[in-house]
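Colleague:
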Amino acid sequence: MTAEQSAIERGLQELVPFWGNLDLNQRAFLAQRSRLMQFDAGDHVQGAGAGCAGVVFVRSGRLRAFMLSDQGREVTLFHVQPGECCVLAASCILPMITFDIALDAAEDSDLLIVDSQAFGTVSQENIHAEAFTYRQATERFSDCMWVMQQVLFMGLDTRLAIWLLDEVARSGSKTIYATHDEIARHLGSAREAVSRMLKYFAREGLVELARGSIELVDVKRLRLLTT
2 MTAEQSAIER GLQELVPFWG NLDLNQRAFL AQRSRLMQFD AGDHVQGAGA GCAGVVFVRS
62 GRLRAFMLSD QGREVTLFHV QPGECCVLAA SCILPMITFD IALDAAEDSD LLIVDSQAFG
122 TVSQENIHAE AFTYRQATER FSDCMWVMQQ VLFMGLDTRL AIWLLDEVAR SGSKTIYATH
182 DEIARHLGSA REAVSRMLKY FAREGLVELA RGSIELVDVK RLRLLTT
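The opening residue of the sequence shown carries number 2 in our numbering; numbering runs sequentially from there.
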């Protein structure tokens, strides 16, 4: 067994919750159909016309799942954190999923990618794998519906406030390093609209703007915008 094969098996054991419920043949089958890959921040991982690479498990880093319109506008659906996976982007193993979800590396990321056909085969054979697949799909689909609710029924001020507060909670810092264009891509909005809203927030004393960064000044008032 090569060093890479050993690393793949360790990764599967650590990241796949139902690994202990697989028989030896199923474990060997998945290990043979898995690969380790590294992506730099901003790299495209899968989807958006690039095909179905497989079921992606994050060893380190962070992925951004998003949808892309025919006009090229993006909206962020959810993030995949270390120790998590994304089966919803592997629509080829979920025939009831008819929309395309793409994955980008939000940070430098180390991934374990399991071939979608192999994962689907094991899911059909093993009830624990099948339950995991549908549980993951259901949870991620709920995330997608929350984003769609924001896009359809919330104003840009509310959506922007939610995004800013979520980023602060994730990073632990009141300073967010992102351009207006990057924020617009997350929200599925126009950059000009995001810039106008951020300038309004700044005039109201909610944030301070600098080139490539935003500092939250009044978190309490920002939270009021989300209720």
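Idealized CB from N, CA, C, for every residue including glycine. In this text the structure is predicted, and so the values were computed from the model without any measurement.
Can you tell me the Cα-Cα spacing of Ala4 and Val115, whole angstroms?
Modeller: Walking along the sequence shown from the start, residue 4 turns up at place 3. Walking along the sequence shown from the start, residue 115 turns up at place 114. Taking the straight line joining both Cα atoms gives about 18 Å.
Colleague: Expressed to the nearest angstrom, what Euclidean distance is found between the alpha-carbon atoms of Asp304 and Tyr135?
Modeller: The shown model of the chain, from 2 to 228, leaves out residue 304, and the question about it has no answer.
Colleague: Hey, Met38 and Leu153: beta-carbon distance below 8 Å or not?
Modeller: In the sequence shown, the residue the question calls residue 38 occupies position 37. In the sequence shown, the residue the question calls residue 153 occupies position 152. No, the pair does not count as a contact, with Cβ atoms beyond the cut-off.
Colleague: Which partner residues of Met149 appear in the DSSP bridge assignment?
Modeller: Working through the sequence shown from its first residue, we reach residue 149 at position 148. Paired residue(s): none; Met149 is not in a bridge.
Colleague: Check whether the stretch 23–39 touches the stretch 115–128, counting contact only when three or more Cβ pairs, one atom from each stretch, lie closer than 8 Å.
Modeller: Touching, per the Cβ criterion.
Colleague: Measuring only the C-alpha atoms, how far is Ser7 from Ala138?
Modeller: Taking the sequence shown and counting its residues from 1, the one referred to as residue 7 is at position 6. Taking the sequence shown and counting its residues from 1, the one referred to as residue 138 is at position 137. Those two C-alpha atoms are separated by around 29 Å.
Colleague: Given this structure, state the Cα-to-Cα distance separating Glu108 from Gln47, to the nearest angstrom.
Modeller: The residue given as residue 108 occupies position 107 in the sequence shown. The residue given as residue 47 occupies position 46 in the sequence shown. Whole-angstrom Cα-Cα distance: 15 Å.
Colleague: Have a look at Gly62 and Ala42 and give me their C-alpha separation to the nearest angstrom.
Modeller: The residue labelled residue 62 in the question sits at position 61 within the sequence shown. The residue labelled residue 42 in the question sits at position 41 within the sequence shown. When rounded, the distance between both Cα atoms is 9 Å.
Colleague: Taking the alpha-carbon positions, what's the Gln72 to Gln27 distance?
Modeller: Along the sequence shown, read from residue 1 onward, the residue named residue 72 stands at position 71. Along the sequence shown, read from residue 1 onward, the residue named residue 27 stands at position 26. C-alpha separation (whole angstroms): 42 Å.
Colleague: Can you tell me which of Ile9, Pro18, Gly12 and Val208 puts its alpha carbon nearest to the alpha carbon of Asn127?
Modeller: One-based indexing of the sequence shown puts residue 127 at position 126. For the residues Ile9, Pro18, Gly12 and Val208, the minimum Cα distance to Asn127 belongs to Pro18.
Colleague: Looking only at DSSP bridge pairs, what is Leu157 linked to?
Modeller: Taking the first residue of the sequence shown as 1, we reach residue 157 at position 156. None; Leu157 has no bridge partner.
Colleague: Are the beta-carbon atoms belonging to Leu207 and Asp219 less than 8 Å from one another?
Modeller: The residue labelled residue 207 in the question sits at position 206 within the sequence shown. The residue labelled residue 219 in the question sits at position 218 within the sequence shown. For Leu207 and Asp219, yes; Cβs fall inside 8 Å.
Colleague: Could you name the residues that DSSP lists as bridge partners for Cys86?
Modeller: As a position in the sequence shown, residue 86 is number 85, starting the count at 1. Beta-bridge pairing links Cys86 to Phe58.
Colleague: Mapping DSSP to helix, strand and coil, what is Gln125?
Modeller: Along the sequence shown, one-based indexing puts residue 125 at 124. Of the three classes helix, strand and coil, the one that applies to Gln125 here is helix, per DSSP.
Colleague: Check whether the Cβ atoms of Cys87 and Ala103 sit closer than 8 Å, and answer yes or no.
Modeller: Within the sequence shown, the letter at position 86 stands for residue 87. Within the sequence shown, the letter at position 102 stands for residue 103. Cβ distance not < 8 Å, so Cys87 and Ala103 don't count as in contact.
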